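Since the structure comes first, as structure tokens, the remarks are kept for the end.
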Amino acid sequence: MRRTEDDQRFMNMAIAQAAMAAALDEVPVGAIVVKDGEVLASAHNLRQTNADPTAHAEILAIRQAAEKLGTWYLVGCTLYVTLEPCPMCAGALVNARIDRLVYGATDPKAGAVRSLYAICEDSRLNHRIEVTPGVLAGPCSRILSDFFSRLRSKSNNEHENRQPTHDAHENNEIQQTNETRQTDETRQTNETRQTDETRQTDETKQTDGAEQKNETEQKTAES
Ligand SMILES: [Zn+2]
550 MRRTEDDQRF
560 MNMAIAQAAM
570 AAALDEVPVG
580 AIVVKDGEVL
590 ASAHNLRQTN
600 ADPTAHAEIL
610 AIRQAAEKLG
620 TWYLVGCTLY
630 VTLEPCPMCA
640 GALVNARIDR
650 LVYGATDPKA
660 GAVRSLYAIC
670 EDSRLNHRIE
680 VTPGVLAGPC
690 SRILSDFFSR
700 LRSKSNNEHE
710 NRQPTHDAHE
720 NNEIQQTNET
730 RQTDETRQTN
740 ETRQTDETRQ
750 TDETKQTDGA
760 EQKNETEQKT
770 AES
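Printed below as a string of structure tokens:
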């Protein structure tokens with residue numbers, strides 16, 4: 550019970566961080582690192598602000614915590630994050646040897662802890678992390694959906710100033726278009742491959758047939 554209360558308390562701090570990201574027009578994800586009940590680090594997504602694709606909340610929080618402890622080795626630490634970590638962040642958590650991960654909302658499109666991969670619990674890697682998913686999942690996902698609906702209405706209002714966004718969650722339309730394009734490309738590639746294969750098979754057949762015919766002719770000539 551004590552743990553559940555602590556988890557909710559720290560997750561609320563991560564949500565407050567996510568709100569700070571939203572205020573900067575950043576995708577609202579917040580993270581907290583805790584050791585022995587003490588908050589070592591708190592950070593939010595700063596990808597746009599820092600023009601840094603690695604400036605996810607988790608990475609920034611891990612860096613802060615490591616700096617505070619004076620070691621890369623975050624043993625005994627728990628990371629709280631509002632959204633299921635992506636492959637990069639899940640990998641960073643394993644590399645930091647963090648003890649425990651608590652996350653809020655599930656990310657079916659990029660989550661690498663339970664949704665697409667299980668990087669934190671993969672027995673092939675040299676470290677495994679205790680995972681607690683779904684803590685305050687409602688408020689964690691609401692802050693994201695509010696942000697994206699605000700972004701959509703904003704982009705509908707300012708159609709000319711519309712900037713394409715590059716986040717998996719940011720624009721479903723862009724993603725759908727990309728998916729359609731990928732499917733078309735894949736189909737084309739497959740068609741090309743099939744055509745090539747068919748041609749090769751035909752050529753092989755022709756060559757084989759021609760050789761056989763030659764052999765037969767030779768044999769006939771010999772006898
Ligand atoms: Zn990430």
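Read the sequence shown against this note's numbering and you will find it ends at 772, with the numbers running on by one and no gaps. Using N, Cα and C, we set each Cβ at its ideal position, and we do this for glycine too. Since the model is a prediction, treat every value here as computed from it, not as a measurement.
Item	Value
Terminal residues of the beta strand (DSSP E) in which C626 lies	C626 to L632
Those residues which DSSP pairs with I581 across a bridge	S591 and Y629
Test item: CB-CB of C669 and V680 under 7 Å	yes
Alpha-carbon spacing of G625 relative to F697, whole angstroms	35 Å
G653 (DSSP reduced to helix, strand or coil)	strand
Sequence-distant residues of the same chain with beta carbon closer than 8 Å to T744, five excluded per side	Here the model assigns T744 a pLDDT of 40, short of 50, so the residue's position is not dependable, and the following value carries that caveat. There are no such residues.
Collapsed DSSP secondary structure at V643 in the structure displayed	helix
Environment of T735 [buried if 16+ CB atoms lie within 10 Å]	Only weak support exists for where T735 lies, its pLDDT of 40 falling under 50; the value from the coordinates is given anyway. Exposed.
Straight-line gap, R596 to E575 (C-alpha atoms, nearest Å)	7 Å
Given L628 as reference, the closest of C635, A615, Y622 and I647 once Cα atoms are compared	I647
Below 7 Å from a heavy atom of ligand 1 - residues by beta-carbon	H605, E607, I608, P634, C635, M637 and C638
Validate contact between the stretch 657-677 and the stretch 632-639 using beta carbons, cut 8 Å, 3 pairs	yes
Between the CA atoms of A645 and Y622 - distance to the nearest angstrom	5 Å
Backbone secondary structure at T681 - three-state DSSP	strand
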